[in-house]
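Taking full-length UniProt numbering, the leading residue of the sequence shown gets 1, the next gets one more, and so forth.
Where a beta carbon is used, it is the ideal one built from N, C-alpha and C, also for glycine.
Structure first, commentary second.
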Amino acid sequence: MTTAVEESTTTTSNTPLRRLYPGSHVEDTFQWPTLALDDIESSFSVQEYLQQLLREDYTDIQRLIDLPEGIDAEIWQYEHLRQLCSQLNYLIPSLDSECTVDSCPEMKADGWLYLCAAHPVTKSCPAIDYIVHTLDGATMLLNNSKYFPSRISIPEPSLKHLQAIARRLYRIFAHAYFHHREAFEFFENETCLHSRFVRLSKKYSLIPKSLLIIPRSTDGDEPSSNSPTSESPAILSRRSSTSTVQEIPDDTDTSTIGAEDAGDEDQGSEPADRVDDE
């Protein structure tokens, strides 16, 4: 049987084939030579290059987020978000046993209450459902040829979706950090995914710094700021002075991230000193 190693030496030109075959042993996978981005002859060259960098050293975050020469910044962000969705799916099993309808009946993190836009009417739903809905919605949108018809360029009207997706995916990390710390830390130690995502978001302004509520020690960068600024006053007044819920409108899109996304809202509840890390 041909293995990935053997196939990597079989060429139709000067470029080795890069394929995985059913029945290959784990130790034989991805054993083909490392290629420069320009040498990857594939319609998915940027995706393959990013995954190659991750296999080489997933802890070298600066190298991972730096824009490769000749690639549009928007495409680089797009491919990172696709990869993020793929890897976040591995976090769900670690949350499944402890993030239940009973233990987490709402999607909360550090005083925020997040409403889910995957329903006909935007509403609160259990955290684990919110996480699945968000990942499903983000994946469907990133694979929607109406908004992202090409892997080499992104239409100008579709750029707003990158920020909307990033903002919602960050909430998954936030809930895991504040309510399932052990699972969060184990997953982060294995992947550095949160650190990479935050650094990417700051570099390309995908998420306002005021919404980055997980402490800096988990992303290896400067501390996040939750103080009000003049840039986004509606969002920054996220907590009420009492324990009653205060509705805060979403700051961006009126389009869809899954089915109907127009009514997505953030809600803040409870002062910061009453937030528990469960």
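> In three-state DSSP terms, what is Trp-76?
Replying inline: Helix.
> Should Ser-97 go down as buried or exposed, given a rule of 16 or more other Cβ atoms within 10 Å for buried?
Replying inline: With fewer than 16 other Cβ atoms within 10 Å, it is exposed.
> Mind checking Glu-69: buried by the 16 CB within 10 Å criterion, or exposed?
Replying inline: So Glu-69 ends up on the exposed side.
> Alpha carbon to alpha carbon, what distance is there between Asp-102 and Leu-95?
Replying inline: Using only the alpha carbons, I get a separation of about 13 Å.
> With respect to the alpha helix (DSSP H) encompassing Lys-202, which residues constitute its N-terminal and C-terminal limits?
Replying inline: In the DSSP annotation of this structure, the continuous segment of the alpha helix (DSSP H) that includes Lys-202 starts and ends at 193-203.
>> So, with DSSP's three-state summary, where would you put Leu-91?
In response: It is coil, neither helix nor strand.
>> Our contact map puts Arg-167 next to Leu-211 with C-beta atoms below 8 Å; I'd like the distance itself, whole angstroms only.
In response: The C-beta distance from Arg-167 to Leu-211 rounds to 7 Å, short enough to meet the 8 Å contact threshold.
> Taking the DSSP output, what are the residues bridged to Ala-109?
Replying inline: When DSSP reads this structure, Ala-109 sits in a beta bridge with Trp-112.
> Just the Cα atoms here: how many angstroms apart are Gln-77 and Thr-191?
Replying inline: Cα to Cα, the separation comes out at about 18 Å.
> What is the DSSP secondary structure of Lys-146, counted as helix, strand or coil?
Replying inline: If DSSP states are grouped into helix, strand and coil, Lys-146 belongs with coil.
>> Here's a check: name, in chain order, each residue in its chain whose Cβ is nearer than 6 Å to the Cβ of Ser-201, leaving out the five neighbours to either side.
In response: Excluding residues within five positions, the ones whose Cβ falls inside 6 Å are Ala-166, Ile-207.
> Distance, Cα to Cα, Asp-57 vs Val-121?
Replying inline: C-alpha separation (whole angstroms): 43 Å.
> CB Leu-84 to CB Phe-197, shorter than 7 Å?
Replying inline: If you check the CB distance, Leu-84 and Phe-197 come in under 7 Å.
> Lys-123 bridges to which residues according to DSSP?
Replying inline: In the DSSP assignment, Lys-123 is bridged to Cys-116.
>> I need the straight-line Cα distance from Glu-106 to Gly-137, nearest angstrom please.
In response: Going from the Cα of Glu-106 to the Cα of Gly-137 covers about 18 Å.
>> Taking a contact to mean a Cβ-Cβ separation below 7 Å, would you say His-180 touches Cys-99 in this structure?
In response: Inclusion of His-180 and Cys-99 in the CB contact set at 7 Å is warranted, their separation being smaller than that value.
>> So, under 8 Å CB-CB, His-80 and Leu-50 are touching, yes? Tell me the CB distance rounded to an integer number of Å.
In response: So it is a contact: roughly 7 Å between Cβ atoms.
>> Quick check on the DSSP output: the alpha helix (DSSP H) that includes His-161 runs from which residue to which?
In response: For His-161, the enclosing alpha helix (DSSP H) covers residues 159-179.
> How close, in whole Å, do the beta carbons of residue 282 and Tyr-177 come, if the pair is a contact with beta carbons under 8 Å?
Replying inline: Absent from the model: residue 282. The displayed extent of the chain is 1 to 278, so no value can be given.
> Ser-145 to Asp-60, Cα distance in whole Å?
Replying inline: Answer to the nearest angstrom: the Cα atoms are 32 Å apart.
>> Rounded to the nearest angstrom, what separates Leu-113 and Gly-23 at their Cα positions?
In response: Spanning the two alpha carbons is a distance of roughly 46 Å.
>> Within the continuous alpha helix (DSSP H) that includes Tyr-49, where are the two ends?
In response: DSSP places Tyr-49 in the uninterrupted alpha helix (DSSP H) bounded by 45-56.
> Taking the alpha-carbon positions, what's the Ile-128 to Cys-104 distance?
Replying inline: Taking the straight line joining both Cα atoms gives about 8 Å.
>> At the level of alpha carbons, what is the spacing between Pro-149 and Pro-157?
In response: Straight-line Cα distance between these residues: approximately 12 Å.
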